[in-house]
């Protein structure tokens, strides 16, 4: 039976323990964290599948199941980011002044470690772990009604894109370390599998953006058409408000999809998503994901992007340019 005094000493020793950056524990943890980061950036685009179109009522709605699923999965991956932050405050570093000697000196002073971390990757890690998408999905959106939801949807898109930058910035140095000393350097198949995963990730991300922008293009046309009708209120275009309350049959003429007319409205590269019905609330998520993933994979590596029908809408034009630039 352990004495309480011994337990207290062991717990105190654990709290004071400084991890060696070259030790086996952190070497394994870095591999786990890189994998969790890759999974995290794969899950974030799921938030883009939350908006859906109710074609019967001609209004914009949300997929409640996808709201919960995306939020839970995102929260699970955030746990790894929080653990990584904790480990950073307990990880020593080699003093730069000792590098001129044959063996560097490991700095174990907790204040020096904290100061070094706070002045380097701490802000990036905090920005990566903030539960901004969950807050928008679970707290802000339910309180919104009518046309206010459109602005909230734009906020959701912005926070997901905003957090992509620090998450990728955090992955790169760890990936380089793992690639040079870990399993990627030991087996050729692992490196090939990683490259294939990155290609599939790019297809998934581009497909999710395409889905979201397709819905935005549809609602943009609706709002323009609604502005030409005295009997139309914008609240009619949002299912959580007065969706379907008015006669919105005129939208089929102002926003033609079955028989598109670019002189009436140009849907650009997003017409395919609207004609296929992949954005409709009646379609299951598996159908949406597979179709958008296929679209992203089909277009990711080919010069076909140069021949895409670009819309005149500014933000879509910018997205197309970024899409074309990243193609090899």
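Numbering (this note's numbering), first residue to last: 267 to 594.
C-beta atoms are modelled at their ideal positions from N, C-alpha and C, and glycine is treated no differently.
- In the DSSP secondary-structure assignment, residue 327 is bridged to 318.
- Counting every other CB atom within 10 Å of its CB across the protein chains shown gives residue 424 a total below 16, marking it as exposed.
- Where residue 393 is concerned, the enclosing alpha helix (DSSP H) starts and stops at 388-395.
- Restricting attention to 318, 467 and 432, the CA atom closest to the CA of residue 550 is found in 318.
- DSSP, reduced to helix, strand and coil, places residue 376 within a helical segment of the structure shown.
- A Cβ-Cβ distance of about 5 Å is found for the pair residue 328 and residue 316, placing them in contact under the 8 Å criterion.
- For residue 311 and residue 426, the gap between their C-alpha atoms comes out near 8 Å.
- The shortest CA-to-CA distance from residue 394 to any of 436, 357 and 385 is the one to 436.
- The shortest C-alpha to C-alpha distance from residue 504 to any of 292, 410 and 288 is the one to 410.
- Contact between residue 357 and residue 292 holds, with the beta-carbon distance rounding to 7 Å and staying under 8 Å.
- The C-beta distance from residue 484 to residue 545 rounds to 7 Å, short enough to fall under 8 Å.
- Under the three-state reduction of DSSP output, residue 494 falls in the coil class, being neither helix nor strand.
- If you compare the alpha carbons of 382, 464, 325 and 331 with that of residue 552, the shortest gap goes to 331.
- Under DSSP, residue 349 takes part in no beta bridge, so it has no partner.
- Note that the C-beta distance between residue 474 and residue 399 is not below 9 Å.
- One thing to note: residue 299 has its Cβ no nearer than 9 Å to the Cβ of residue 359.
- Taken atom to atom, the span from the alpha-carbon of residue 284 to that of residue 389 is near 22 Å.
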